[in-house]
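Undergrad:
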Amino acid sequence: MEEYFIEIKDLCKTFHNKKESVQVLKGINLEVKKGEIYGIVGFSGAGKSTLVRCINRLEEPDSGTVRIGDQMITSLGKKELDVQRSKIGMIFQQFNLFDSMTVYENIAYPLKIKGWKKEAIRARIDELLELVSLTDKKNAYPGELSGGQKQRVGIARALANEPDVLLSDEATSALDPQTTISVLDLIREINEKLGLTIILITHELEVIRYTCHRVAVMENGELLEKGSVEEIFENPQCETARNFINVYNKMRSAGPDRRSELI
Amino acid sequence: MSLYKFSFWEVLAHSFSEEVWSQVLPALGETMYMVVISSVFVLLFGVILGLVVVLTGREGLYPCAPLHAVLGAIINCFRSLPQVIIIIVMLPVARLLLGQSYGSNACIISLIASCVPLFARLVESSLLEIDKGKLEAAKAMGSGNFRILFRIMLPETLPSLIRSFTNAVVIVISMTALAGNFGAGGIGYIAVTFGYTRYQHDLLFATIIVLIIIVQLVQLVGDTLSKIILKKRHLI
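Protein chains in written order, with the numbering used here: chain A, 71 to 333; chain B, 7 to 242.
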């Protein structure tokens, strides 16, 4: 039996409000190998974001388990969870950088949490800025940076504590195509260089195709289909996956003639 | 000089005379004393109270519904009373604490009772403005609540907090003038006793001028400070 690095079993989550409750995750099972980039694709509202947020328990699952390496994330106490969280980097669609801090201070934040010495922090940050090619922006504030640069800082910050896992919550969805590619290149680079296991959620199929090794298709709180990226692209089984591929192909093939047809 | 005997311009001109200012300046001193001391307390207690309200809220770092509800209710009670009524209500409290219910210090107690709840609400709304994603990012890094509070929440909302405090100080100033009616002394006392009761309108004008200048200065300082911070962060 193959040993998986990340294992999610029967994960359920229901959101309640006054009028109704919505089951966002309906018994999710997912296995991710060490060092792979695993994509989760789905339309808006499929529950992708909730799923990835359950992995570091920004969202508390109602039932089910999440295991990363030999740590059962879902059974950790608050203190232990904080320790484990430093080993799980996360990047966001809206970057979520701290505007009151410079690039340097932003990246230093997770290191200070772990009680790093000043000199060690400085050396580590130089290394990280080199990796994300932002050495010249060290003392800039996030307000001065472009979207792509902000996400690079986000990535550097997420990598600061040398995590084993990187969670990417629609990290390129707010970026233009060119910047998206450069950020995805960076994600691939750190995956290869550092052997980082990456879970990447997105609603853009191009992103999956460009970056991921394996992919799961999510719809309505369930994972409908899992497989290698080639499998899903060449032979999609479920309706949602076919839908996605259709839209994807249509957008790629829509040339000038097709456009006039639409008008 | 009364407007009933002299023209507006004569009275206005006289409001800049030495005779008038020899009365206004000591009163200004008293007013400034009350404003500064009250503002310090308002800042301190208001930030603490506002923080506790936000932290104990449903989405806060330390959710605690009962405490949140009780504090909210207390703040609302104080906020529902007009300043005049708070002053009257706080007079016995001042006597209890200070042994006398008149004078600047007694007034400070009323000012605190009225303006702390107000500023607490302003602090609350400033703190709630923070992008929830930033707090989540910090949590995802394994940050403890204390660090989130002091390194993220307060610094990120600082420009907004400064604006809120500026508003609170302006209200403290106006209330100080009001308290002049109730034995607090200061500019308000001059305006009422001389300007209103004795028709010395030159004194009244002088107090108006002084109040306008103080408020303008406070607003200017507050706006400039928050702008400097926003500029430094390249947010404007």
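No residue lacks a Cβ here, since even glycine has one placed at the ideal position from N, Cα and C.
Please return the same chain residues whose Cβ sits closer than 6 Å to the Cβ of A:E129, not counting the five positions on each side in sequence.
TA: Cβ within range, chain order: T120, R123.
Undergrad: Got a sec: is the Cβ-Cβ distance from B:M147 to anything in chain A below 8 Å?
TA: Yes, B:M147 counts as interfacial toward chain A.
Undergrad: How would you call A:K89, buried or exposed, if buried means at least 16 neighbouring beta carbons within 10 angstroms?
TA: It is exposed - the Cβ of A:K89 has fewer than 16 other Cβ atoms within 10 Å.
Undergrad: Our contact map puts A:N231 next to A:K157 with C-beta atoms below 8 Å; I'd like the distance itself, whole angstroms only.
TA: The pair is a contact, with the Cβ atoms about 7 Å apart (cut-off 8 Å).
Undergrad: Between B:I114, B:L102, B:H74, B:A126, which lies nearest to B:I93 when the distance is taken from Cα to Cα?
TA: Of B:I114, B:L102, B:H74, B:A126, the residue nearest in Cα terms is B:I114.
Undergrad: Hey, B:L141 and B:I154: beta-carbon distance below 8 Å or not?
TA: Cβ atoms of B:L141 and B:I154: closer than 8 Å.
Undergrad: Which residues mark the beginning and the end of the beta strand (DSSP E) in which A:T272 is found?
TA: Here the beta strand (DSSP E) through A:T272 covers 267 to 272.
Undergrad: Mind pulling the chain B residues with CB within less than 8 Å of A:S156?
TA: Ordered by position in chain B, the residues that pass the 8 Å Cβ test against A:S156 are M147, G148.
Undergrad: Would you kindly work out how many angstroms separate the C-alpha atoms of A:M71 and B:V53, rounded to a whole number?
TA: In this prediction, A:M71 has a pLDDT of 47, which is less than 50 and means its spatial position is unreliable; what the coordinates show is noted afterwards. Looking at the two C-alpha atoms, the distance is approximately 58 Å.
Undergrad: Do you know whose CA, among A:F165, A:R127, A:G159, lies nearest A:L151's CA?
TA: Here the closest residue by C-alpha is A:R127.
Undergrad: For a contact meaning CB atoms closer than 9 Å, what does B:E142 contact in chain A?
TA: Those are R123, L128, M160, F162, N166, listed as they occur along chain A.
Undergrad: Taking the continuous alpha helix (DSSP H) assigned at A:K157, which residues delimit it?
TA: Counting along the chain, A:K157 falls outside any alpha helix (DSSP H), and DSSP gives it neither H nor E.
Undergrad: Please state if the CB of B:Y195 and the CB of B:G186 are separated by a distance shorter than 8 Å.
TA: Yes, the pair counts as a contact, with Cβ atoms nearer than the cut-off.
Undergrad: Nearest by alpha-carbon distance to B:K130: which of B:M147, B:L167, B:C121, B:L184 is it?
TA: The question names Lys, but residue 130 of chain B is Glu in the sequence shown. Nearest of B:M147, B:L167, B:C121, B:L184 to B:E130, Cα basis: B:L167.
Undergrad: A:I138 by DSSP, collapsed to three states: which one?
TA: Strand at A:I138.
Undergrad: Specify the secondary structure class of A:A244 as computed by DSSP and reduced to three states.
TA: A:A244 falls in the coil class under three-state DSSP.
Undergrad: In this structure, how does DSSP classify A:M71 when only helix, strand and coil are distinguished?
TA: Legend: pLDDT at A:M71 = 47, less than 50; position of this residue unreliable, no value from coordinates given.
Undergrad: DSSP three-state call for B:Y10: helix, strand or coil?
TA: If DSSP states are grouped into helix, strand and coil, B:Y10 belongs with coil.
Undergrad: Going by beta carbon distance, what residues of the same chain come within less than 8 Å of B:R101, once the five residues before and after it are set aside?
TA: Counting only Cβ-Cβ distances below 8 Å, and skipping sequence neighbours, we find S107, A112.
Undergrad: Counting only beta-carbon separations shorter than 8 Å, does B:T62 have a partner in chain A?
TA: It does not: the Cβ of B:T62 has no partner Cβ on chain A nearer than 8 Å.
Undergrad: Measure from the C-beta of A:E77 to each C-beta in chain B and report whether the shortest distance is under 8 Å.
TA: No, because no Cβ of chain B sits closer than 8 Å to the Cβ of A:E77.
Undergrad: Residues in the same chain with beta-carbon distance under 7 Å from A:G117, minus the five sequence neighbours each way, listed in chain order, please.
TA: Excluding sequence neighbours, A:G117 sits near V94, L95, M288, G291.
Undergrad: Apply the 10 Å Cβ neighbour rule to A:G185 and answer buried if 16 or more other Cβ atoms are within range, or exposed otherwise.
TA: The residue is exposed, with fewer than 16 neighbouring Cβ atoms inside 10 Å.
Undergrad: Spell out a yes or no on whether the region 115 to 123 of chain B and the region 170 to 190 of chain B are touching, meaning 3 or more CB-CB pairs, one atom from each, closer than 8 Å.
TA: With the cut-off at 8 Å, the region 115 to 123 of chain B and the region 170 to 190 of chain B touch.
Undergrad: Short check: CB of A:D246 to CB of A:G139, under 8 Å?
TA: No. Outside cutoff.
Undergrad: Give the range of the beta strand (DSSP E) segment to which A:G112 is assigned.
TA: First-last of the beta strand (DSSP E) with A:G112: 107 to 112.
Undergrad: Measure the Cβ-Cβ separation of B:L241 and A:G213 and say whether it is below 8 Å.
TA: Closer than 8 Å, so yes.
Undergrad: For A:F165, which option in A:R227, A:H283, A:E262 has the closest C-alpha, if you only look at C-alpha atoms?
TA: Among A:R227, A:H283, A:E262, the Cα nearest to that of A:F165 belongs to A:R227.
Undergrad: Starting from A:V102, trace the beta strand (DSSP E) in both directions and tell me its first and last residue.
TA: Its beta strand (DSSP E) spans residues 91 to 102.
Undergrad: Counting contacts by CB-CB distance shorter than 8 Å, is A:G213 in contact with chain B?
TA: Judged by the 8 Å Cβ criterion, A:G213 is in contact with chain B.
Undergrad: Is the number of C-beta pairs between the region 262 to 269 of chain A and the region 292 to 302 of chain A that are closer than 8 Å three or more?
TA: With the cut-off at 8 Å, the region 262 to 269 of chain A and the region 292 to 302 of chain A do not touch.
Undergrad: How big is the Cα-Cα spacing for A:L254 and B:G66?
TA: Roughly 34 Å between the two C-alpha positions.
Undergrad: Assuming B:L155 is part of the alpha helix (DSSP H), what are its boundary residues?
TA: Careful: B:L155 lies outside any alpha helix (DSSP H) and carries neither H nor E.
Undergrad: My guess is that B:A174 and B:L124 are in contact by the Cβ rule of under 8 Å, so how many angstroms apart are they, rounded?
TA: About 6 Å; that satisfies the 8 Å criterion.
Undergrad: Here's the rule I'm using: 16 or more other beta-carbon atoms within 10 Å means buried, otherwise exposed. How should B:G105 be labelled?
TA: When all chains shown are included, B:G105 counts as exposed.
Undergrad: Quick check: is the beta carbon of B:H207 nearer than 8 Å to any beta carbon in chain D?
TA: The chain labelled as chain D is not found among the protein chains of the depicted structure, namely A and B.
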